[in-house]
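Trainee:
Number of protein chains: 2
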Amino acid sequence: MNEKLQEYSIGQLSRLSDVKVPTIRYYEQIGLLEEPYRTEGGQRRYFSDALDRLRMIAHARALGFSIDAIREFIRLAGHPEAPCEDLDQITMHHLNDVTQRIQKLERLKAELQSMLKNCQHGTIEKCRILEVLSDHNHCQTEH
Amino acid sequence: MNEKLQEYSIGQLSRLSDVKVPTIRYYEQIGLLEEPYRTEGGQRRYFSDALDRLRMIAHARALGFSIDAIREFIRLAGHPEAPCEDLDQITMHHLNDVTQRIQKLERLKAELQSMLKNCQHGTIEKCRILEVLSDHNHCQTEH
DNA sequence: TATAATTGCTCTAGTCACTATAGGTTCAAG
DNA sequence: CTTGAACCTATAGTGACTAGAGCAATTATA
Chain A
1 MNEKLQEYSI GQLSRLSDVK VPTIRYYEQI GLLEEPYRTE GGQRRYFSDA LDRLRMIAHA
61 RALGFSIDAI REFIRLAGHP EAPCEDLDQI TMHHLNDVTQ RIQKLERLKA ELQSMLKNCQ
121 HGTIEKCRIL EVLSDHNHCQ TEH
Chain B
1 MNEKLQEYSI GQLSRLSDVK VPTIRYYEQI GLLEEPYRTE GGQRRYFSDA LDRLRMIAHA
61 RALGFSIDAI REFIRLAGHP EAPCEDLDQI TMHHLNDVTQ RIQKLERLKA ELQSMLKNCQ
121 HGTIEKCRIL EVLSDHNHCQ TEH
C-alpha cells in the first residue's frame with residue numbers, strides 16, 4: 001500500500017475541481033488559496049486539502065458569494081468554537097441580495113414581454129420598442 | 001418668450017437624467033453619445049435631444065441591456081425604414097437571458113434558504129452552512 | 001469689480017473576477 | 001535523449017463604470 005500523500009499538479013487540481021488553471025493561480029495571488037510547495041523546477045504541487053478548499057471556493061462562487069464573503073468564510077472556519085452568527089449574517093445578507101435581484105429581473109421580464117407584445121412587426125417607425133426605451137413613463141413598474 | 005434653445009451643462013444633464021457626470025463623459029468616449037458643442041472655455045453644452053438620448057440609454061441600462069445592445073438600438077433607430085425584426089430579435093434574446101437568470105437565482109435562493117433553515121445557531125464547528133459550502137452533494141439542485 | 005465657491009476639464013488608474021497572450025522552462029513518456 | 005505537453009511569470013484586456021489628481025472655467029456673493 002502506498003503511504004505517501006497524493007500529490008497534484010495545478011492541471012490535475014484544475015480538472016478535479018473544475019476551476020481553470022489561471023483562476024487557481026489568481027486565487028493564490030489574492031490570498032484565497034495558500035501557496036503550495038514547489039518542485040525543484042518551480043512547479044506547484046498540491047495535496048488534497050487544497051482540493052477541498054478549492055472545491056469549497058468554487059461552490060461558494062457558484063452560489064454567488066463574493067470573494068470577500070468567501071474570505072470571511074475561510075476566516076470563520078478557522079474559529080470552530082465561535083458562534084456561527086456571523087456566518088448566518090453573511091448568508092442572510094446574500095439571500096436578501098438574491099431576492100432583490102430576482103424582483104428586479106421579474107419586472108424587467110414583464111416589460112420585455114410587453115415590448116414584444118406591443119411590437120406590430122411593422123417598421124421601426126411604428127415599433128413601440130424604441131418608444132418604450134425612450135420614455136420611462138411607458139413603464140408599468142419602477143426600476 | 002425665449003426663443004433660444006435650452007442649454008444644459010454636463011452637471012445639469014446629469015441631474016436631469018440621473019446619470020453621473022463621469023458616466024456621461026464615458027458614454028461620449030465610447031460613442032454612445034454624440035460629442036456636444038463646447039463653450040469658448042471648453043465646457044460641454046447640451047440640448048434637449050442629448051437629454052432624450054441619455055434618458056433612453058439610462059432606461060435601457062436599467063432594463064439590463066448591454067452597451068452593445070444599446071448601440072444596436074441606436075443604429076436601428078437611425079434607419080426607420082428597416083424592419084423591426086432585428087430589434088425584436090435583440091429583445092427576444094434578452095428576454096431568454098433574463099428568464100434564465102431568474103431561474104438560476106431562484107435555485108440559488110432555495111439553496112440559501114435551506115442553508116439558513118438548517119443552521120442550529122450553535123458554534124461554527126457544528127454549523128451546517130460551512131458544511132454545505134464544502135460539499136456540493138448537499139445541494140438539491142444543479143448549479 | 002474682486003474674490004470665493006462651485007463646477008468643469010483631461011488623464012490616469014482602480015474596481016471585480018477573472019481570461020488571454022507572449023515568451024520562456026520543466027516534466028514525463030517513449 | 002528527445003519530444004511535446006504542461007508548467008512558469010508577467011502583462012494586458014474584459015465590461016461598465018468610478019475615483020483621484022491637478023488644473024481651468026464659470027457663477028455667486030461681497
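If you read the protein sequences in the order shown, they are chains A and B. According to UniProt numbering, the stretch in the first sequence is residues 1 to 143, in order. According to UniProt numbering, the stretch in the second sequence is residues 1 to 143, in order. We treat Cβ as the ideally placed atom computed from N, Cα and C, and that holds for glycine.
1. So B:T91 is in the alpha helix (DSSP H); what residue range does that whole segment cover?
2. I'd like the list of long-range same chain contacts for A:A50, defined as Cβ closer than 8 Å, with 5 residues on each side in sequence excluded.
3. Report all residues from its chain with a CB closer than 7 Å to the CB of B:H59; omit the five preceding and five following residues, and keep chain order.
4. Using the three-state DSSP reduction, which class does A:T23 fall into: helix, strand or coil?
5. Kindly indicate if chain A contains any beta-carbon less than 8 Å away from that of B:N2.
6. What residue ranges within the UniProt domain "HTH merR-type" (7–76) of chain A form continuous beta strand (DSSP E) runs of no fewer than 3 residues, ordered along the chain?
7. For B:T91, count the other beta carbons within 10 Å of its own beta carbon; 16 or more makes it buried, fewer makes it exposed. Which is it?
8. When you compare only the Cα positions, how much space is there between A:L112 and B:L95?
9. Taking C-beta to C-beta, are B:C127 and A:L87 nearer than 8 Å?
10. Applying a beta-carbon distance threshold of less than 8 Å, which residues of chain B neighbour A:E111?
11. Exposed or buried, A:G64, counting other C-beta atoms within 10 Å across all chains shown (16 or more means buried)?
12. Hey, is A:Q140's beta-carbon within less than 8 Å of any beta-carbon in chain B?
13. Answer yes or no: does any C-beta atom of chain B fall closer than 8 Å to that of A:P22?
14. To the nearest angstrom, how far is it from the Cα of B:S114 to the Cα of A:R25?
Mentor: This is what the structure gives:
1. E85 to N118
2. Y8, L13, L33, E34 and P36
3. none
4. A:T23 falls in the helix class under three-state DSSP.
5. Note that B:N2 scores a pLDDT of 42, beneath 50, so its modelled location is shaky; the value from the coordinates is reported in the next line. For B:N2, no CB of chain A lies under 8 Å from its own CB, so it is not counted at the interface with that chain.
6. none
7. buried
8. 6 Å
9. yes
10. L63
11. buried
12. Residue confidence is low: A:Q140 scores 46 on pLDDT, short of 50, so the model does not pin down where it sits. No coordinate-derived value is stated.
13. Answer no: the Cβ-Cβ gap between A:P22 and chain B never drops below 8 Å.
14. One C-alpha to the other measures close to 32 Å.
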